[in-house]
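Here the structure is laid out as structure tokens; the discussion comes afterwards.
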Amino acid sequence: MAIEPIENADDPRLDDYRNVKDPEWIRRRDIFLAEGRRVVERLLTSSRFRARSVLTTRPALASLRSTVEACEVPVYVVERRLLEQVAGARFHQGCVAVGELPEDRSLDEVLAPLGGRARRLLVLERVADPDNIGGLFRSARAFGVDAVVLGPGCAHPLYRKAVRTSMGATLELPFARAGSWPKELASLRAAGFTLIALTPRLEALDITTLGSSRRVPDRIALLLGGEGYGLSEEALSEADLRVRIAMAPGVDSINVASAAGIALHRLALD
Numbered sequence: 019m020a021i022e023p024i025e026n027a028d029d030p031r032l033d034d035y036r037n038v039k040d041p042e043w044i045r046r047r048d049i050f051l052a053e054g055r056r057v058v059e060r061l062l063t064s065s066r067f068r069a070r071s072v073l074t075t076r077p078a079l080a081s082l083r084s085t086v087e088a089c090e091v092p093v094y095v096v097e098r099r100l101l102e103q104v105a106g107a108r109f110h111q112g113c114v115a116v117g118e119l120p121e122d123r124s125l126d127e128v129l130a131p132l133g134g135r136a137r138r139l140l141v142l143e144r145v146a147d148p149d150n151i152g153g154l155f156r157s158a159r160a161f162g163v164d165a166v167v168l169g170p171g172c173a174h175p176l177y178r179k180a181v182r183t184s185m186g187a188t189l190e191l192p193f194a195r196a197g198s199w200p201k202e203l204a205s206l207r208a209a210g211f212t213l214i215a216l217t218p219r220l221e222a223l224d225i226t227t228l229g230s231s232r233r234v235p236d237r238i239a240l241l242l243g244g245e246g247y248g249l250s251e252e253a254l255s256e257a258d259l260r261v262r263i264a265m266a267p268g269v270d271s272i273n274v275a276s277a278a279g280i281a282l283h284r285l286a287l288d
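Per our numbering, residue 19 is the first one in the sequence shown, and the count goes up by one each step.
Structure representation (structure tokens):
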């Protein structure tokens, strides 16, 4: 561990941390940001992602010391005022880290290491809000999903808001970019997954029947669409089963991340 105190906001070692509120930041520099002690630790201990550096206040460093000592990354120590001045944002836990953005992985590249062990997949289409992506990954991590498949129109899971909202789950759960859409869904079926589409349409099956009057399939790919759009007709047509969440009269939908949490809990493995 190399601890390097920095006192000047113009120091070039801080360039990766400038203007992190810009949504195009990771695209331009091929990097992403991890915020807060827990998320920074997940980045530093990740086998998939490579940390480039850590930027921290001295008090926050004390809580990270055991983790950063095991890593060969530079640790820049600054005053909180300088940290927030450079980044243009407030970091309540006083520590952030930059990771190197990896190349997107295909569905085959994500599923191959799992072999036949993968039993729950979350498949997303047109989920453009990074906060929703983060919430979806957090629920997926909580309810035993093995990997996430990102269809067209989905925000990057390593956008700052997505990583933060997920509490680092986007650094833990494997994710793949779908290739040919919706043909990739047929590939999932061929791999042994039952495609279950979550939709508010009244003709869909009440999800509570799964696990009660109807058996929960052994291997499931749960399909969800973004708010305002839902799943496309093309994606719905590929589904083996359409399910809905029963709601109070006058309510036709809830936040997509909340809906995913309910559905994934219902379909969770024992």
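For each residue, glycine too, the CB sits at the ideal point set by N, CA and C.
At least 9 Å separates the beta-carbon of Val116 from that of Leu240. Between Met185 and Val72 a beta carbon distance of about 18 Å is seen, past the 8 Å cut, so the two are scored as non-contacting. Beta-bridge partners of Ala69 (DSSP): Gly117. Positions of the beta strand (DSSP E) runs, each at least 3 residues long and wholly inside the stretch 77 to 164, are given as 92 to 95, 113 to 118, 138 to 143 in order along the chain. The beta carbons of Pro192 and Asp164 sit closer together than 9 Å.
Note that the stretch 130 to 149 does not touch the stretch 257 to 272; fewer than 3 beta-carbon pairs, one per stretch, sit closer than 8 Å.
Residue state for Val166 is assigned as strand, using DSSP reduced to three classes. Here Tyr94 is not near Pro30, since their CB atoms are 9 Å or more apart. The beta carbon of Val86 sits closer than 8 Å to the beta carbons of Met19, Leu62, Val72, Leu79, Val93 from its chain, once the five residues preceding and following it are set aside; these are given in chain order. A direct Cα-to-Cα measurement between Phe155 and Asp48 gives close to 21 Å. In the displayed model, Glu251 falls within a helix according to three-state DSSP. For Arg262, the secondary structure class from DSSP, reduced to helix, strand or coil, is strand. Residue range 274 to 285 is occupied by the alpha helix (DSSP H) that includes Ile280.
Taking Pro148 as reference, the option from Gly171, Arg233, Tyr177, Leu287 with the minimal CA-CA separation is Tyr177. With a beta-carbon spacing of about 6 Å, Thr74 and Gly112 fall inside the 8 Å limit used to define contacts.
Residue pairing of Pro23 in beta bridges, as defined by DSSP: Val95. Going by beta carbons, Arg237 and Gly210 fall inside the 9 Å limit. Minimum Cα-Cα distance from Asn273 among the listed residues Arg66, Glu25, Gly243 corresponds to Gly243. By the neighbour-count criterion, in which a residue is buried when 16 or more other Cβ atoms sit within 10 angstroms of its Cβ, Pro175 is buried. C-alpha of Asp34 to C-alpha of Arg46: approximately 11 Å in a straight line. Residue pairing for Asp270: DSSP places it in no beta bridge. Per DSSP, the beta-bridge partners of Phe50 are Gly117. Under the three-state reduction of DSSP output, Arg45 falls in the helix class.
In the three-state reduction of the DSSP assignment, Thr75 falls in the coil class. In this structure, Lys179 keeps its C-beta atom at 9 Å or more from the C-beta atom of Gly162. Nearest to Leu249 by alpha-carbon distance, out of Arg159, Val145, Arg83, Leu206, is Val145. The residue from Leu228, Ile280, Gly171, Glu53 with its alpha-carbon nearest to that of Leu189 is Glu53.
Scanning its chain for C-beta atoms nearer than 8 Å, with the 5 sequence neighbours on each side dropped, one finds around Leu206 the residues Leu125, Leu139, Val141, Val167, Leu213, Ala239, in chain order.
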